[in-house]
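Trainee: Let me begin by handing over the structure; questions about it come next.
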Amino acid sequence: MNPHSEPSKRTDIHSTPSSPNPSAENPSHTSRTPHAPKPSAPADPPGASATSGPTAPTDPTDATETSSPPDPAEFSNSSIPSDPTVPLAPSNLTASTASTPSRPSHASASSDTTKAPSPEAQVTLRGPAELADALPYLMGFYPDDSVVMVALNGERGRFGGRVRLGIPTDTAQWPDVADQLAECLISAGQERDARPAAIIVYLCQEPAAGESGKDVKDRLRPLAQRLRTACGALDVPVLEALCLSNGRFWSYCCPDFRCCPAEGTPMAMPGTSVMAAAAAYAGMQVRGSLKEMEARLAIRTGPRAAEQEKALDTAAGALVPRMLRGEAAVAVRRDTLDLAGAMIRRFRQDTPSGSNRARDACDDALLTDAEAADLILGLQDRVTRDRAAEWMDGSAAAPALRLWRALARRCAGGYAEHAVAPLTLAGWVSWSTEDGPSARVALSRALAIDPDYTFAQLLHRAINEGLDPEPLRRCLREQHREAVSEAEPAAPAATKTPQPTKRPRPNRPTPAARPRGPRGGTGPGTRTTDGRGRRRAGRDGDRSRR
Numbered sequence: 005m006n007p008h009s010e011p012s013k014r015t016d017i018h019s020t021p022s023s024p025n026p027s028a029e030n031p032s033h034t035s036r037t038p039h040a041p042k043p044s045a046p047a048d049p050p051g052a053s054a055t056s057g058p059t060a061p062t063d064p065t066d067a068t069e070t071s072s073p074p075d076p077a078e079f080s081n082s083s084i085p086s087d088p089t090v091p092l093a094p095s096n097l098t099a100s101t102a103s104t105p106s107r108p109s110h111a112s113a114s115s116d117t118t119k120a121p122s123p124e125a126q127v128t129l130r131g132p133a134e135l136a137d138a139l140p141y142l143m144g145f146y147p148d149d150s151v152v153m154v155a156l157n158g159e160r161g162r163f164g165g166r167v168r169l170g171i172p173t174d175t176a177q178w179p180d181v182a183d184q185l186a187e188c189l190i191s192a193g194q195e196r197d198a199r200p201a202a203i204i205v206y207l208c209q210e211p212a213a214g215e216s217g218k219d220v221k222d223r224l225r226p227l228a229q230r231l232r233t234a235c236g237a238l239d240v241p242v243l244e245a246l247c248l249s250n251g252r253f254w255s256y257c258c259p260d261f262r263c264c265p266a267e268g269t270p271m272a273m274p275g276t277s278v279m280a281a282a283a284a285y286a287g288m289q290v291r292g293s294l295k296e297m298e299a300r301l302a303i304r305t306g307p308r309a310a311e312q313e314k315a316l317d318t319a320a321g322a323l324v325p326r327m328l329r330g331e332a333a334v335a336v337r338r339d340t341l342d343l344a345g346a347m348i349r350r351f352r353q354d355t356p357s358g359s360n361r362a363r364d365a366c367d368d369a370l371l372t373d374a375e376a377a378d379l380i381l382g383l384q385d386r387v388t389r390d391r392a393a394e395w396m397d398g399s400a401a402a403p404a405l406r407l408w409r410a411l412a413r414r415c416a417g418g419y420a421e422h423a424v425a426p427l428t429l430a431g432w433v434s435w436s437t438e439d440g441p442s443a444r445v446a447l448s449r450a451l452a453i454d455p456d457y458t459f460a461q462l463l464h465r466a467i468n469e470g471l472d473p474e475p476l477r478r479c480l481r482e483q484h485r486e487a488v489s490e491a492e493p494a495a496p497a498a499t500k501t502p503q504p505t506k507r508p509r510p511n512r513p514t515p516a517a518r519p520r521g522p523r524g525g526t527g528p529g530t531r532t533t534d535g536r537g538r539r540r541a542g543r544d545g546d547r548s549r550r
């Protein structure tokens with residue numbers, strides 16, 4: 005009997021606020037219809053609870069890039085947001101079928117009796133429709149043109165690790181990609197002692213010209229089947245496989261046309277689902293689609309790109325020879341950091357509004373081609389780049405992120421490889437400000453350009469391992485304090501103004517060393533007056549001292 009057509013036998017999946025990662029309760033093995041959870045805001049930091057899910061969901065590229073980063077040609081769009089920024093709803097938000105916190109009985113309460121902790125509130129998402137609607141909130145953005153696999157951990161089926169990969173255009177790669185994704189997700193859970201109990205698969209792709217959503221579903225069916233087979237070979241079942249396209253979804257696991265019609269089921273209107281309400285209550289932000297996020301970092305083209313490339317050629321002729329000499333390189337570093345600081349102050353004073361595209365256009369207008377060229381080339385120096393990373397929190401974080409994005413867009417023509425440094429800085433600032441999805445997108449683009457860029461590799465891996473950026477922030481702050489303290493002694497000497505010289509005064513004898521006059525006098529040449537104001541003569545009428 006088809007479980008999709010029997011809601012009475014269906015086991016709902018709930019979300020609880022005990023874990024910082026989105027979690028769901030696993031349906032019983034007799035039911036095949038999973039239900040996505042509502043995220044909840046955690047009271048404890050990641051890893052604080054022993055019952056919480058894995059603190060660092062892993063993505064397929066990070067699992068394989070311990071020795072080398074992913075191959076951009078094989079894994080396109082391999083920014084793998086393993087976990088949303090804060091996709092958790094508050095603990096007091098419940099759905100209609102959710103359990104509510106119990107209250108202690110006042111009749112049986114006593115002064116020496118401790119209150120039992122109330123059960124955690126849960127939100128139940130029913131069926132594939134709400135499961136499909138939950139995807140952007142699980143990822144922090146809508147992962148278009150992607151394969152997404154989400155693990156369910158433990159007896160209650162909490163959402164755990166998740167992997168995202170761009171759908172390969174070459175269908176011959178699908179079997180290998182499916183095997184790698186399944187092995188990566190399952191092995192990552194085993195490393196954290198949380199082997200997945202089940203997996204949910206999403207295939208997201210918009211129709212091409214002349215296609216419909218149903219055509220996309222049919223075209224991707226072999227990939228969905230291969231993913232289910234790969235997971236089953238590792239003894240982990242796929243409870244649900246969904247195709248999301250053109251505002252509709254289809255289930256690859258449900259053959260019943262009464263609940264899963266051939267023309268697909270419309271997605272819920274934005275902001276009307278239980279997950280949307282939970283996310284809004286928790287203050288969670290969905291950052292649009294993956295394509296929109298990548299467009300903010302795309303290198304400019306057209307006539308403006310040609311002008312920028314000319315400015316880069318001019319700056320390269322002037323700066324590169326100086327950067328190769330010791331004393332001149334120090335001066336270039338100082339000039340680059342001074343210019344970057346001035347640009348950050350300029351960006352802070354002019355905060356644009358409107359859509360992302362409008363704001364990025366305003367940021368581009370704040371930066372001249374010559375200024376962008378000097379900064380792009382100056383940031384190729386590792387020491388300069390590390391010093392620029394100190395603008396990562398406080399009031400400097402937002403304008404610095406805008407500046408790094410603008411510089412990444414300016415690496416036109418033959419200078420595309422120079423975008424790695426500003427892209428990595430953009431990823432670092434995003435991670436430092438708790439924007440994991442944006443950080444992964446920026447770092448993935450950096451690694452797609454230069455897979456061996458060490459700074460991007462380390463940051464990308466740290467994010468996917470669930471590490472806290474605060475230790476690195478402390479290190480950078482200490483580095484900044486040391487640099488300031490080293491510069492302080494030299495600053496007064498450079499700005500010291502000459503003081504006017506004073507005329508030396510003759511040494512006067514102290515009162516004790518002065519020669520004493522006649523007895524009764526106060527000193528040599530003492531002059532006294534009588535009551536009438538006339539000067540009284542000295543002894544023997546001597547008036548020589550007048």
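Counting in this note's numbering, the sequence shown runs from 5 upward without gaps. We put the beta carbon where it would ideally sit given N, CA and C, even for glycine.
1) Where Ala-212 and Pro-274 are concerned, what is the direct C-alpha to C-alpha distance, given to the nearest angstrom?
2) If you run the structure through DSSP and keep just helix, strand and coil, what is Trp-254?
3) Determine the extent of the beta strand (DSSP E) in which Tyr-419 is found, giving its start and end residues.
4) In chain order, what are the residue ranges of uninterrupted beta strand (DSSP E) at least 3 long that sit wholly in the region 442 to 479?
5) Taking the straight line between their C-alpha atoms, what separation do you get for Thr-413 and Ala-335?
6) For Ala-283, count neighbouring Cβ atoms within 10 angstroms of its own Cβ and tell me buried if that reaches 16, exposed if not.
7) Buried or exposed: where does Leu-248 fall if 16 or more other Cβ atoms within 10 Å of its Cβ makes it buried?
8) Using a 10 Å radius around the Cβ and a threshold of 16 neighbouring Cβ atoms, would you call Asp-454 buried or exposed?
9) Under 8 Å, do Leu-243 and Ile-204 count as touching if we go by C-beta distance?
10) Measuring alpha carbon to alpha carbon, tell me which of Met-279, Cys-263, Gln-353 ends up nearest Gly-287.
11) Under 8 Å between the Cβ atoms of Pro-226 and Cys-235?
12) Give me, in chain order, the residues of the same chain whose beta-carbon lies closer than 7 Å to that of Asn-360; leave out the 5 immediate sequence neighbours on both sides.
13) Counting Cβ pairs closer than 8 Å, one from the region 360 to 378 and one from the region 413 to 426, do we hit at least three?
14) What number of angstroms, rounded off, separates the C-alpha of Gly-470 from the C-alpha of Arg-230?
15) Report the residue ranges of all beta strand (DSSP E) runs contained in full by the region 147 to 181; include only those spanning at least 3 residues, in chain order.
16) For Gly-214, collect the residues of the same chain with a Cβ closer than 7 Å to its Cβ; drop the 5 residues on either side in sequence, then sort them by chain order.
17) Can you tell which of Gly-440, Arg-223, Gly-398, Ala-392 has the C-alpha that lies nearest to the C-alpha of Asp-484?
18) Would you decide whether Ser-357 is buried or exposed? Buried here means 16 or more other CB atoms lie within 10 Å of its CB.
19) Under a Cβ-count criterion, where at least 16 other Cβ atoms within 10 Å of its own Cβ denotes burial, should Pro-475 be classed as buried or exposed?
20) Tell me which residues share the same chain as Asp-367 and place their Cβ nearer than 6 Å to its Cβ, disregarding the 5 neighbours each side in the sequence.
21) What does the alpha-carbon distance come out to for the pair Ala-182 and Arg-308?
22) Assign Thr-437 to one of two classes, buried (16 or more other C-beta atoms within 10 Å of its C-beta) or exposed (fewer than that).
23) Quick one, are the C-beta atoms of Ser-150 and Leu-316 less than 8 Å apart?
24) Where does Leu-371 land, buried or exposed, given buried means 16+ other C-beta within 10 angstroms?
25) Between the alpha carbons of Ala-425 and Glu-490, how many angstroms are there, rounded?
26) Note the first and the last residue of the continuous beta strand (DSSP E) segment covering Thr-200.
27) What does Thr-355 pair with, by DSSP beta-bridge criteria?
28) If Pro-463 and Leu-447 are in contact, beta carbons under 8 Å, what's the gap, nearest whole angstrom?
29) Taking only three categories from DSSP, how would you classify Ala-1?
30) What are the boundary residues of the beta strand (DSSP E) that includes Glu-394?
31) Alpha carbon to alpha carbon, how far is Phe-145 from Tyr-285?
32) Of the choices Leu-139, Gly-321, Gln-312, whose alpha-carbon is the least far from that of Val-167?
33) Specify the secondary structure class of Pro-270 as computed by DSSP and reduced to three states.
34) Taking Ala-320 and Arg-326 to be in contact with their CB atoms under 8 Å, please state how far apart those CB atoms are, rounded to whole angstroms.
35) Going by Cα to Cα distance, which pick from Ala-460, Leu-323, Ser-255 is closest to Ala-423?
36) Would you mind stating whether Ile-348 and Ala-404 have Cβ atoms separated by less than 8 Å?
Mentor: Per the coordinate set shown:
1) 23 Å
2) strand
3) Segment: none, Tyr-419 is in no beta strand (DSSP E) and carries neither H nor E.
4) none
5) Reading off the sequence, residue 413 comes out as Arg, not Thr. Approximately 26 Å between the Cα atoms of the pair.
6) buried
7) buried
8) buried
9) yes
10) Met-279
11) no
12) Glu-296, Arg-300
13) yes
14) 30 Å
15) 150 to 157, 162 to 170
16) none
17) Inspection of the sequence shows that residue 484 is occupied by His rather than by Asp. That would be Ala-392, whose Cα lies nearest to the Cα of His-484.
18) exposed
19) exposed
20) Arg-406, Ala-410
21) 41 Å
22) buried
23) no
24) buried
25) 26 Å
26) As written in the sequence, residue 200 is Pro, which differs from the Thr given in the question. 200 to 208 is the span of the beta strand (DSSP E), which, as asked, contains Pro-200.
27) Answer by DSSP bridge pairing: none, since Thr-355 is not bridged.
28) Checking the sequence, you will find Leu at residue 463 rather than Pro. The Cβ separation is near 6 Å, so the contact holds.
29) Coverage of the chain is limited to positions 5 through 550, which leaves residue 1 absent and any answer about it impossible.
30) Element bounds for Glu-394: n/a, residue is neither H nor E.
31) 17 Å
32) Leu-139
33) strand
34) Ala-320 to Arg-326, Cβ: 11 Å. No contact.
35) Ala-460
36) yes
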